[in-house]
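Residue numbers (numbering that gives the first Met the number 0): 0 to 332. Inspection log for the structure reproduced underneath, given as structure tokens.
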Amino acid sequence: MGGVWVVGEVDAAGALTKLSGEAATAARALGEAGSLDVRGVIVAAEPDGAAASLATFLPVVLTVRSPEALEQTAAAVIAARVAALVGAATEPPSYVVVGATPDGRDLAGALSALLEVGVLVGATGLAWGNAAEGVPAGPRVEMQPFGGRIVTTSAFTGDRGIILLRSNMVVAEPLAAPGRVEAGAAVEGLDVAPVRVVERIVAQSTGPSIDGARVIVSGGRGVGGPEGFAGLGELAGLLGGAVGATRAAVDAGWVDYAIQIGQTGKTVKPAVYLAFGVSGAIQHKVGMQTAETIVAVNRDPDAPIGEFADLFVVADLAAVVPALAAALRARAG
Ligand SMILES: Cc1cc2nc3c(=O)[nH]c(=O)nc-3n(C[C@H](O)[C@H](O)[C@H](O)COP(=O)(O)OP(=O)(O)OC[C@H]3O[C@@H](n4cnc5c(N)ncnc54)[C@H](O)[C@@H]3O)c2cc1C
Numbered sequence: 000m001g002g003v004w005v006v007g008e009v010d011a012a013g014a015l016t017k018l019s020g021e022a023a024t025a026a027r028a029l030g031e032a033g034s035l036d037v038r039g040v041i042v043a044a045e046p047d048g049a050a051a052s053l054a055t056f057l058p059v060v061l062t063v064r065s066p067e068a069l070e071q072t073a074a075a076v077i078a079a080r081v082a083a084l085v086g087a088a089t090e091p092p093s094y095v096v097v098g099a100t101p102d103g104r105d106l107a108g109a110l111s112a113l114l115e116v117g118v119l120v121g122a123t124g125l126a127w128g129n130a131a132e133g134v135p136a137g138p139r140v141e142m143q144p145f146g147g148r149i150v151t152t153s154a155f156t157g158d159r160g161i162i163l164l165r166s167n168m169v170v171a172e173p174l175a176a177p178g179r180v181e182a183g184a185a186v187e188g189l190d191v192a193p194v195r196v197v198e199r200i201v202a203q204s205t206g207p208s209i210d211g212a213r214v215i216v217s218g219g220r221g222v223g224g225p226e227g228f229a230g231l232g233e234l235a236g237l238l239g240g241a242v243g244a245t246r247a248a249v250d251a252g253w254v255d256y257a258i259q260i261g262q263t264g265k266t267v268k269p270a271v272y273l274a275f276g277v278s279g280a281i282q283h284k285v286g287m288q289t290a291e292t293i294v295a296v297n298r299d300p301d302a303p304i305g306e307f308a309d310l311f312v313v314a315d316l317a318a319v320v321p322a323l324a325a326a327l328r329a330r331a332g
């Protein structure tokens, strides 16, 4: 059996994404359980910085310098480069782990077609299973389909496959000593799907990112509009946290999709999740249920979020948000 490869994702600034460290940590655990070699791959115009970061999690990282990644869609270029590396490898990987970001999903789809292997999407947990379970020894992938209504465990029917790991499912743990970075074999005549990037727009961030925030102040339809979110932004600032939102608030155009939490948004794992005017629909819950403490403010005593919040305050958020902000300001002196 071949090993496990992790394809790291590089952000707009050329840095390795946080989820890539999580994917590498999950892949390392699979490798240890299944006695498999684990390597990272970074394909980018300037891969060295991100590769050095990925090597803090993995013993070996291959780099592919790929200037065309700047002008063609990242997933198409990376998929073609990774498929070429797999084709040239003396020991091609059995499994490829990719972070489930929008680009990661694109990459997994393209790679699946090029390598002719299946993808298990939206993994919320990974373990190693043995053949006694009726399928070949290999990864057992936990997923939460139907908006988290059920939890399933799946395996590949053969001994190859791609796993898309959701964010915040694993705590990224660096190695005691960083691994080494090697240049991957260059492949000429790359066959990349003819889609060109004609413009890049960097989303204007209005505050800290929800990705690694310890405190998230989240708002739903009950917040009433963008001005209500300004109040949540002030509260988040006082708490050193980030603002999140439900899909209803995003669809209404009040806030940016980048802060949507849930099935079709991000998965977060803060220490404290403050939810204002959020009903607690299953598709939202699936993205925030792993928060350590959930505090919900809702004027409806029967709102579903009351069933899983640690503290459920039945009140009008229009009164609670300014009062809480005033109390925090007074405490700060
Ligand atoms: C395929 C699919 C994917 C989806 N993906 C997501 C996803 O990723 N994320 C997501 O969030 N949703 C997602 N949804 C939508 C989801 O089903 C819900 O519709 C959405 O989460 C509801 O958002 P909400 O809680 O803001 O709004 P609502 O359900 O309308 O709830 C608003 C809440 O605010 C309360 N409220 C109103 N006014 C006040 C006030 N003044 N003070 C206090 N409380 C007040 C109300 O009592 C109510 O409980 C998805 C749906 C589908 C079908």
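All C-beta atoms, glycine included, are put in the ideal place defined by N, C-alpha and C. Since the model is a prediction, treat every value here as computed from it, not as a measurement.
Bridge partner(s) assigned by DSSP for residue i
i      : result
Gly39  : Val5, Val60
Tyr94  : Val3, Gly160
Gly139 : Checking the sequence, you will find Arg at residue 139 rather than Gly. In DSSP, Arg139 forms a bridge with Ala126.
Ala274 : Ser217, Ala295
Thr151 : Met142
Given residue i as reference, the closest of the options once Cα atoms are compared
i      : options                        : result
Val285 : Val150, Ala331, Ala329         : Val150
Val216 : Ala12, Gly137, Gly224, Glu233  : Glu233
Ile161 : Asp105, Val194, Asn129         : Asp105
Pro146 : Ile281, Pro193, Ser52, Val42   : Note that residue 146 is Gly in the sequence shown, not Pro. Closest by alpha carbon: Ile281.
Gly128 : Ile260, Gly33, Val191          : Gly33
Pro92  : Ala325, Val249, Asp158, Gly227 : Asp158
Ala318 : Gly230, Asp301, Gln262         : Gly230
Thr292 : Asp309, Glu67, Asp210, His283  : Asp309
Asp10  : Arg139, Ala43, Ala22           : Ala43
Ala257 : Ala324, Pro225, Ile209, Val296 : Ile209
Three-state secondary structure assigned by DSSP to residue i
i      : result
Val194 : coil
Ser208 : coil
Glu181 : strand
Leu174 : coil
Ser65  : coil
Phe311 : strand
Gly279 : coil
Val118 : strand
Leu327 : helix
Val242 : strand
Ile260 : strand
Leu84  : helix
Leu106 : helix
Residues near residue i in its chain [Cβ-Cβ closer than 6 Å; skip 5 each side]
i      : result
Ala290 : Pro269, Tyr272
Ala83  : Val186
8 Å Cβ shell around residue i - same chain, five flanking residues per side excluded
i      : result
Arg213 : Gly239, Gly240, Pro269, Ala270, Val271
Pro193 : none
Neighbourhood of residue i by C-beta, 7 Å cutoff - its chain only, sequence neighbours within 5 removed
i     : result
Gly20 : Phe56, Ala171
Beta-carbon separation (whole angstroms), residue i vs residue j, contact threshold 8 Å
i      : j      : result
Val40  : Gly183 : 7 Å
Ala176 : Arg220 : Their Cβ separation, rounded to whole angstroms, is 50 Å, which puts Ala176 and Arg220 out of contact at 8 Å.
Ala79  : Asp255 : With 8 Å as the limit, Ala79 and Asp255 do not qualify as a contact, their Cβ atoms being about 31 Å apart.
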